[in-house]
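Residue numbers (UniProt numbering): 1 to 190. As structure tokens, the structure follows; a few thoughts come after it.
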Amino acid sequence: MQLNRIVNFHKTIGDKTRIQIIALLKDGPLHGQAIAGKLGLTPPTISYHITKLRENDIIFQRRDKNTIYFHLNEKKLELMAQAILMIGGEKELDPFKVDDVEKYKVIQNFLDADGKLKTIPAQRKKKLIILEHLVKGLEKGRTYSEIEINEHIKQFHEDYATIRREFIICQFMFRQNGEYELNPKEMWLI
Numbered sequence: 001m002q003l004n005r006i007v008n009f010h011k012t013i014g015d016k017t018r019i020q021i022i023a024l025l026k027d028g029p030l031h032g033q034a035i036a037g038k039l040g041l042t043p044p045t046i047s048y049h050i051t052k053l054r055e056n057d058i059i060f061q062r063r064d065k066n067t068i069y070f071h072l073n074e075k076k077l078e079l080m081a082q083a084i085l086m087i088g089g090e091k092e093l094d095p096f097k098v099d100d101v102e103k104y105k106v107i108q109n110f111l112d113a114d115g116k117l118k119t120i121p122a123q124r125k126k127k128l129i130i131l132e133h134l135v136k137g138l139e140k141g142r143t144y145s146e147i148e149i150n151e152h153i154k155q156f157h158e159d160y161a162t163i164r165r166e167f168i169i170c171q172f173m174f175r176q177n178g179e180y181e182l183n184p185k186e187m188w189l190i
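Here is the structure:
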């Protein structure tokens, strides 16, 4: 499991000011000056804390003309908070079991009789279902080299670079120094 990500998340939110920023953003987006004013802190202090929250994808920013507004990434916050409850517990879900009729139909439509991927789905929902299926043969807790991941993907499709990138973007896997590890299902963007 990717415990480092869970630990970094909890270290990041383990600060009074950051919790206050999260609480403020729960009511809607705000710009840095407004956050500083509401908390009675200086803009540089707020910038520091916002950077820490952005590094862990707890908040994101959107520009509106000359003003940058910060938004709370509620889905990420919920998933990361729940991930700790799933570590090593009996409740841990099996991410590889296809028990959903919709998922089964998508897999049947995009894979040929040999299990090869005909095409990478353009629709996000279908792409996530296919990516979930493709990580089926990977072991939880094992670290893979880039070559091993490429070989695994080549079983399904020749464009291993695109699929490998999608694994990272959709948080099925974590990459560091050319090594890949399967994330807990609770962290996947499905």
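Here a beta-carbon is modelled for each residue, glycine too, at the ideal position from N, C-alpha and C. Note that this is a predicted model, so its numbers are computed, not measured.
- By the neighbour-count criterion, in which 16 or more other beta carbons inside 10 Å mark a residue as buried, Arg-165 falls on the exposed side.
- Residue environment for Val-135: buried (at least 16 other C-beta atoms within 10 angstroms of its C-beta).
- Nearest to Asn-66 by C-alpha distance, out of His-31, Gln-176 and Asn-8, is His-31.
- For Leu-39, the enclosing alpha helix (DSSP H) stretches over residues 32 to 39.
- The three-state secondary structure of Gln-61, taken from DSSP, is strand.
- A direct Cα-Cα distance of roughly 26 Å separates Lys-26 from Asn-4.
- Collapsing the DSSP output to three states places Leu-25 in a helix.
- Rounded to the nearest whole angstrom, the CA to CA distance from Arg-63 to Glu-148 is 40 Å.
- Using a Cβ distance threshold of 8 Å, Ile-129 and His-157 do not count as a contacting pair.
- The alpha carbon of Glu-55 has as its nearest neighbour, out of Leu-72, Val-101 and Ile-35, the alpha carbon of Leu-72.
- For Thr-45, the enclosing alpha helix (DSSP H) has its first and last residue at 43 to 55.
- In this structure, Leu-117 sits away from Glu-186, with a CB-CB distance that is not shorter than 8 Å.
- His-157 carries a coil assignment under DSSP once its states are collapsed to helix, strand and coil.
- Secondary structure at Thr-12: helix, using DSSP grouped into helix, strand and coil.
- Around the beta carbon of Glu-132, 16 or more other beta carbons lie within 10 angstroms, which makes this residue buried.
- Per DSSP, reduced to three states, the secondary structure at Leu-79 is helical.
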